[in-house]
Amino acid sequence: MPDISELLEQASPREVTVQVCLAGDAGGELESLEAELGELGEWQPTSLAERNPAFELQERIQAARQRVREAVVEFKFRALGHRAYSNLLAAHPAPQDSKEPYDAGTFLPAVLVACCVEPSLTPAQVYQLLDRVNDGTARMLFATALSVNEEPSPIPF
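Quick note: the sequence shown, position 105, residue 130 per the working numbering, numbers continuous.
Okay, structure coming up:
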């Protein structure tokens with residue numbers, strides 16, 4: 026069996042990457058176009074000169090998908106390590122009578138700053154990001170930062 030010192034030299038913190046579309050308008054346009062395409066149903070021409078409107082919609086959908094792809098940013102989170110994460114939690118105690126283990130208003134932005142390694146974020150940038158994305162995206166970022174620190178690395182068997 027290898028020596029624990031050798032194993033520790035090979036150890037690395039857990040990392041998780043998530044993709045976020047920062048162009049909410051492009052995402053909304055794509056959803057709208059896809060819904061419009063779905064509403065066409067079984068199109069029937071009324072003359073030979075008529076062109077199926079689905080063709081133009083599909084072209085617009087492809088263009089919207091490209092805009093969404095171009096607006097996607099990968100956020101890579103790295104675990105802090107047990108002591109550093111515990112210290113961060115301790116620095117943001119829960120308000121009295123709260124069932125949460127931390128003050129969500131201060132801890133969640135702080136954990137994003139501490140764990141997001143690509144792109145690296147300052148506290149001001151985290152608040153700018155949170156002001157621009159919807160709650161679902163913010164929750165996904167927070168959940169990723171929490172899980173990279175609180176859940177064990179998966180073992181594939």
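The C-beta atom is built at its ideal place from N, Cα and C for all residues, glycine as well.
Source: prediction; values computed, not measured.
Here's the rule I'm using: 16 or more other beta-carbon atoms within 10 Å means buried, otherwise exposed. How should threonine 169 be labelled?
Sequence index remark: in the sequence shown, residue 169 carries index 144 (1-based). The residue in question, threonine 169, is buried, as its Cβ has 16 or more Cβ neighbours within 10 Å.
Cβ-based neighbour list, tyrosine 110, same chain, cut-off 6 Å, excluding 5 preceding and 5 following:
As a position in the sequence shown, residue 110 is number 85, starting the count at 1. Closer than 6 Å at Cβ, skipping near neighbours: Asn174.
Tell me, to the nearest whole angstrom, how far the beta carbon of leucine 58 is from that of alanine 79; I am working on the premise that it is less than 8 Å.
The sequence position of residue 58 within the sequence shown is 33, counting from 1. The sequence position of residue 79 within the sequence shown is 54, counting from 1. At roughly 11 Å, the Cβ-Cβ gap does not stay under 8 Å, so leucine 58 and alanine 79 are not in contact.
Helix, strand or coil: which one does DSSP assign to serine 72?
As a first step, residue 72 must be located in the sequence shown, where it is residue number 47. Coil.
Once the 5 residues before and after cysteine 141 are set aside, which same chain residues still bring their CB inside 6 Å of it?
Within the sequence shown, residue 141 is the residue found at index 116, counting from 1. These residues qualify, in order along the chain: Phe100 and Phe102.
Buried or exposed for alanine 149, please, with buried defined as at least 16 other CB atoms from any protein chain shown within 10 angstroms of its CB.
Position 124 of the sequence shown, counted from the start, is the residue given in the question as residue 149. Exposed: under 16 other Cβ atoms inside 10 Å.
Who are the Cβ neighbours of alanine 48 in its own chain at under 6 Å, not counting the five residues just before and after it?
Taking the sequence shown and counting its residues from 1, one reaches residue 48 at position 23. Hits under 6 Å: Ala96.
For arginine 157, which of Pro120, Cys46, Asp128 and Pro27 has the nearest alpha-carbon?
As a working note, residue 157 is residue 132 in the sequence shown. The option with the nearest alpha carbon to arginine 157 is Cys46.
C-beta atoms of alanine 135 and histidine 107 nearer than 8 Å
Translated into the one-based positions of the sequence shown, residue 135 becomes position 110. Translated into the one-based positions of the sequence shown, residue 107 becomes position 82. No; because the gap between Cβ atoms is not below 8 Å, this pair is not in contact.
How far does the beta strand (DSSP E) with glutamate 99 in it reach, from first residue to last?
On the sequence shown, residue 99 is found 74 positions in, with the first residue counted as 1. Looking at the DSSP string, the run of the beta strand (DSSP E) that includes glutamate 99 is 97 to 103.
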